[in-house]
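Quick notes on the structure that follows.
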Amino acid sequence: MRIDKITFLAAGMLFFSLTALVFAQMGDNELLLDDFEGAISAGEQGTVDFGAGGGSSVEVIASKETKYRGEQALEVKFDAVDGGYMWVSRGYGLTVKGAGAWQVEPKDIDFTKYDAISFYMYGADTKTQVAVDLVDSGSEYWRYLIEDDFTGWKEFTIPFSDFFARGDWQPEKAEKNTVLDFPVKVFQFEPRPAAKGTLYFDYVRLVKK
Ligand SMILES: [Ca+2]
Ligand SMILES: [Ca+2]
42 MRIDKITFLA AGMLFFSLTA LVFAQMGDNE LLLDDFEGAI SAGEQGTVDF GAGGGSSVEV
102 IASKETKYRG EQALEVKFDA VDGGYMWVSR GYGLTVKGAG AWQVEPKDID FTKYDAISFY
162 MYGADTKTQV AVDLVDSGSE YWRYLIEDDF TGWKEFTIPF SDFFARGDWQ PEKAEKNTVL
222 DFPVKVFQFE PRPAAKGTLY FDYVRLVKK
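Residue numbering for the sequence shown follows our numbering, beginning at 42 and increasing consecutively.
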């Protein structure tokens, strides 16, 4: 009886140690920012800050069918015309307050642990570029361009050092110091003109490359 009890205790301790180790490693190397679960809705009371101008248009909904992880992904149906623009943003300090729906708030993230952002995009093979923007703590907009030249899910991991400060546009209030100031508080996607199609995004993380 005694041996059984010790064996049981030892097995239990081993299990908890391994579980703790796995969680510790996940915590060190990667942090889930956004899985696009829960309500995905439009408008000022919505949960995604998105819109378009200059003749372009964009619609954003939750996709239950095409998803990479969990119950759903972010579906972005767009028509990007020459001279137009659009944005699809999740994060903090935006006009749409409900877009601040990350798994963890920027102020609680130790950005020294991570050096890249990672996410999955389901391509539409439109041959257009998709701008991936980060907004830093001084409201400065940073950009990296990826190609929509594939179909199906593809993972992108973009080092912070590969982003460039946008020269085409910055908000009035931005501290335009061309330094990526942490914490980053917003990520956003913009399919660039001219193209029309549907893209999906899922499983946005901070990672250590
Ligand atoms: Ca998801
Ligand atoms: Ca800055």
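Note that beta-carbon positions come from the ideal geometry of N, C-alpha and C, so glycine has one too.
* To do: Using only the heavy atoms of ligand 2, determine whether one of them is closer than 7 Å to the beta carbon of Gly-134.
  => Residue 134 sits at position 93 when you count from the first residue of the sequence shown. No - ligand 2 has no heavy atom lying nearer than 7 Å to the Cβ of Gly-134.
* Asked: Taking 7 Å as the cut-off, is the CB of Lys-148 close to at least one heavy atom of ligand 1?
  -> Within the sequence shown, residue 148 is the residue found at index 107, counting from 1. Taking 7 Å as the cut-off, one finds no heavy atom of ligand 1 near enough to the beta carbon of Lys-148.
* What beta strand (DSSP E) runs, 3 residues minimum, are completely inside the segment 149-203? -> Entirely contained in the segment 149-203, the beta strand (DSSP E) runs reaching 3 residues are, in chain order, 157-165, 170-176, 182-188 and 192-200.
* To do: Enumerate in chain order the residues of its own chain whose CB-to-CB distance from Glu-196 is below 7 Å, with the five nearest sequence positions on each side excluded.
  => Mapped onto the sequence shown, residue 196 falls at position 155. For Glu-196, where only same-chain residues beyond five positions count, the Cβ hits under 7 Å are Ser-159 and Tyr-161.
* Given Leu-240 as reference, the closest of Ser-178, Leu-72 and Glu-188 once Cα atoms are compared -> Here residue 240 corresponds to residue number 199 of the sequence shown, with the count starting at 1. If we check each option's Cα against that of Leu-240, Glu-188 comes out closest.
* What three-state label does DSSP hand Ala-65 in the structure shown? -> Translated into the one-based positions of the sequence shown, residue 65 becomes position 24. With a pLDDT of 48 at Ala-65, under the threshold of 50, the predicted position of this residue should be treated as unreliable, and no value is reported.
* If you follow the beta strand (DSSP E) that Gln-229 is part of, which residue opens it and which one closes it? -> By one-based count along the sequence shown, residue 229 stands at place 188. Element bounds for Gln-229: 227-232.
* **Nearest-angstrom beta carbon gap, Gln-211 and Tyr-185 [assumed within contact, 8 Å]** => Indexing the sequence shown from 1 puts residue 185 at position 144. Indexing the sequence shown from 1 puts residue 211 at position 170. Not really, about 16 Å apart at Cβ, beyond 8 Å.
* To do: Would you mind sorting Glu-146 into buried or exposed? The rule is 16 or more other CB atoms within 10 Å of its CB.
  => Taking the first residue of the sequence shown as 1, we reach residue 146 at position 105. By the beta-carbon neighbour count (other beta carbons within 10 angstroms, threshold 16), Glu-146 is exposed.
* Backbone CA spacing between Glu-213 and Ile-102 [nearest angstrom] -> Counted from its first residue, the sequence shown places residue 213 at position 172. Counted from its first residue, the sequence shown places residue 102 at position 61. Taking the straight line joining both Cα atoms gives about 30 Å.
* **Through-space distance from Thr-153 to Gln-66, alpha-carbon basis** => On the sequence shown, position 25 is the one that residue 66 refers to. On the sequence shown, position 112 is the one that residue 153 refers to. Per-residue confidence for Gln-66 stands at a pLDDT of 49, beneath the threshold of 50, marking its modelled position as unreliable; the derived number appears in the next sentence. Answer to the nearest angstrom: the Cα atoms are 16 Å apart.
* **Whole-Å CB distance - Phe-223 paired with Asp-177, under 8 Å assumed** => Locating residue 223 in the sequence shown gives position 182, where the first residue counts as 1. Locating residue 177 in the sequence shown gives position 136, where the first residue counts as 1. Yes, Phe-223 and Asp-177 are in contact; Cβ-Cβ is about 7 Å, under 8 Å.
* Run the CB neighbour count on Val-89, radius 10 Å, all protein chains shown included, and call it buried at 16 or more, exposed below. => To locate residue 89, count along the sequence shown from 1; it is residue 48. The residue in question, Val-89, is buried, as its Cβ has 16 or more Cβ neighbours within 10 Å.
* Three-state class that DSSP yields for Ala-142 in the structure shown -> In the sequence shown, counting from the first residue as 1, residue 142 sits at position 101. Under the three-state reduction of DSSP output, Ala-142 falls in the coil class, being neither helix nor strand.
* Closer than 7 Å: is that where the CB of Glu-78 sits relative to any heavy atom of ligand 1? -> Translated into the one-based positions of the sequence shown, residue 78 becomes position 37. Taking 7 Å as the cut-off, one finds at least one heavy atom of ligand 1 near enough to the beta carbon of Glu-78.
* Asked: Going by alpha carbons, who is nearest to Gly-238 out of Leu-247, Thr-198, Tyr-244 and Tyr-163?
  -> Position 197 of the sequence shown, counted from the start, is the residue given in the question as residue 238. Ranking Leu-247, Thr-198, Tyr-244 and Tyr-163 by Cα distance to Gly-238 puts Tyr-163 first.
* Between which two residues does the beta strand (DSSP E) containing Ile-102 stretch? -> Position 61 of the sequence shown, counting from 1, holds the residue named residue 102. Counting along the chain, Ile-102 sits inside the beta strand (DSSP E) bounded by residues 98-104.
* Asked: Between Val-245 and the rest of its own chain, which residues show a CB-CB distance below 6 Å, the 5 nearest in sequence each way excluded?
  -> Here residue 245 is taken as the residue at index 204 of the sequence shown, counted from 1. If we look at Val-245 and ignore the five residues flanking it on each side, its Cβ neighbours are Leu-74, Asp-75 and Phe-160.
* Smallest Cα separation from Ser-97: which of Trp-194, Lys-226, Val-248 and Arg-233? -> Reading the sequence shown from its first residue, position 56 is the one you call residue 97. Of Trp-194, Lys-226, Val-248 and Arg-233, the residue nearest in Cα terms is Arg-233.
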